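Numbering (the working numbering), first residue to last: 943 to 1228.
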Amino acid sequence: MSLNIWFDGNIGSAESLTAPLTTHALHYGTGVFEGIRSYATRAGAAVFRLPEHLERMRQGADALGMQMDVAAASEATVAVLRSNQHRDAYVRPLFWLGVGSLGLDVAPLSRHLMVASMPWASHLGASSVSVAVSPMRRNRAEAMPPLKLCGAYVNSILAKREAGGRGFGEAMFVDDSGFVVECTGENVFLVRSGKITAVQHPDALPGITRATLIEMTGAESRPVTLEELLDADEVFLTGTSAEVTAVSALEQRSFAPGPVTAALRAQYLQIVRGESPQYAHWLTEV
Ligand code: PMP
């Protein structure tokens, strides 16, 4: 069955919707996107932390000088999920600079918003993943704000390719001083003697799953070196798509399946599926 996409106010089939080849975002990565999930709950489909995702997207749009209509994006998200009759799905809104010029002054360009939904399991594909320490550096916040700007993801894709070429499932960025930044699409946590710590770094995306885990657990958020991570009992990654995924290996260091990660993963999956009443406010019913 063909997927429906919401595009500038209308819903149509994915094949029928196109953008011109002179689209600015195609040439320069001048757009902002989100990765959002909806889940099947007892009350039907529900989107997890939709306002928080759209607020982060609005900040990215702001950085590009684009004014985003958050209410319209929110309605479009619900509309496309209904139209596709999706329950467990990945939702991808994209707001981008269109046509008018291929110059670097973006003021005269058209703006476009699309929202797609698609059935999608975790992008890491399993409950654990092997992680390489990338020889590449993360985009610095001073060079590009750590938001979901399209072009910024070339950095992630190159690091993931390098890690994949060495047989690892994911890549982790470390900075010049040896501090852990994040993975290509996830934030990093560690567990040591039962204590949970969220890796904090100015160049990392402020993850919504990360904030969720901190609220669930009261985890401390602070800078962490790679050395400290290698010495942890458990390491796990968080992300909308990855949810809570255990790290099975970090380069040569392997980790046995950890009880804390397993319990947090189970608790997270209960929350997103609407089975924890105290967190029901994080769900937007479709
Ligand atoms: N870091 C990066 C670079 C990401 O792309 C993502 C996925 N959005 C995350 C971290 C995790 O963020 P979130 O929990 O909001 O999905």
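Every residue gets a Cβ at the ideal spot worked out from N, C-alpha and C, and that includes glycine. Please read all numbers here as calculations on a predicted model, not as lab measurements.
- Inter-segment contact for the stretch 983-1000 and the stretch 1101-1113 is absent: fewer than three beta-carbon pairs are separated by less than 8 Å.
- Taking 8 Å as the cut-off, the beta carbon of valine 1123 is found closer than this to the beta carbon of alanine 1146.
- Cβ-Cβ separation between valine 1075 and cysteine 1125: approximately 10 Å, too far for a contact (criterion under 8 Å).
- In this structure, the ligand PMP has no non-hydrogen atom nearer than 7 Å to the beta-carbon of threonine 1226.
- Setting aside the 5 residues that flank it on each side, threonine 1159 is surrounded in the same chain by Ile1138, Leu1206, each with a C-beta closer than 8 Å to its C-beta; the list follows chain order.
- Residue environment for alanine 1015: buried (at least 16 other C-beta atoms within 10 angstroms of its C-beta).
- DSSP lists no beta-bridge partner residue for glutamate 1104.
- Remark: C-beta atoms of glycine 1040 and alanine 1105 do not approach each other more closely than 8 Å.
- Shown here, asparagine 1097 sits in a helix according to DSSP, grouped into three states.
- In terms of Cβ geometry, asparagine 1129 and leucine 1091 do not form a close pair [threshold 8 Å].
- Taking 7 Å as the cut-off, one finds no heavy atom of the ligand PMP near enough to the beta carbon of serine 1135.
- For asparagine 1026, the uninterrupted alpha helix (DSSP H) segment begins and ends at 1012-1026.
- At least one heavy atom of the ligand PMP lies less than 7 Å from the C-beta of threonine 1151.
- The stretch 1155-1175 and the stretch 1029-1039 do not touch, with fewer than three beta-carbon pairs separated by less than 8 Å.
- With contact defined as three or more Cβ pairs closer than 8 Å, the stretch 1084-1100 and the stretch 958-974 are in contact.
- The residue among Val1214, Leu963, Val1166, Arg1164 with its C-alpha nearest the C-alpha of isoleucine 1150 is Val1214.
- The Cβ atoms of leucine 959 and glutamate 976 lie no closer than 8 Å to each other.
- Membership of leucine 996 in the alpha helix (DSSP H) is indicated by the continuous run 992-1005.
- If you check the CB distance, valine 1133 and glycine 1200 come in under 8 Å.
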